[in-house]
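Using the UniProt record's numbering, the first residue of the sequence shown is number 1, and each one after it goes up by one. Just so you know, even glycine gets a beta-carbon here, dropped at the ideal spot from N, CA and C.
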Amino acid sequence: MKVLLAEDEPDIRLITSLALEDAGCTVVAVADGQAAVEAAMNEGFDVALLDVMMPRMDGFATCTALRSHAETSALPIIFLTARSQEPEVQHGLALGAAGYIVKPFDVFTLVELMTSILEQYQQ
Numbered sequence: 001m002k003v004l005l006a007e008d009e010p011d012i013r014l015i016t017s018l019a020l021e022d023a024g025c026t027v028v029a030v031a032d033g034q035a036a037v038e039a040a041m042n043e044g045f046d047v048a049l050l051d052v053m054m055p056r057m058d059g060f061a062t063c064t065a066l067r068s069h070a071e072t073s074a075l076p077i078i079f080l081t082a083r084s085q086e087p088e089v090q091h092g093l094a095l096g097a098a099g100y101i102v103k104p105f106d107v108f109t110l111v112e113l114m115t116s117i118l119e120q121y122q123q
């Protein structure tokens, strides 16, 4: 599975990338939403994991941008964020996200959780 990870916090980006790679995923990790949109326009991904709070373009704006381009409109998006208030979760899902994972999360079960969200999303 090829994963686009947009996370501005270097430690979380590294730990998440390592966990995904250990599970057999190929990961392209970027530090902000603008870089995520650029990467998604240039490469094919199976899923995008987006933090909400990022510089240049937050996760919600990134999701909207990805949904607005024909090349990325069907890309499954999962928010991976500390923003856990119900209105924020509902807003992310209303933008077309497949799911919402709240930090802190268990890196050892991340791929399992991500796969479960994707299976439900594709039904």
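Taking the C-beta atoms as reference points, residue 3 is found nearer than 8 Å to residue 47.
Look at residue 48 here: in three-state DSSP terms it is strand. Residue 36 and residue 53 have their C-alpha atoms roughly 13 Å apart. Counting the other CB atoms within 10 Å of its CB gives residue 108 a total below 16, which places it among the exposed residues. The region 38-47 and the region 65-75 touch, with no fewer than 3 CB-CB distances between them shorter than 8 Å.
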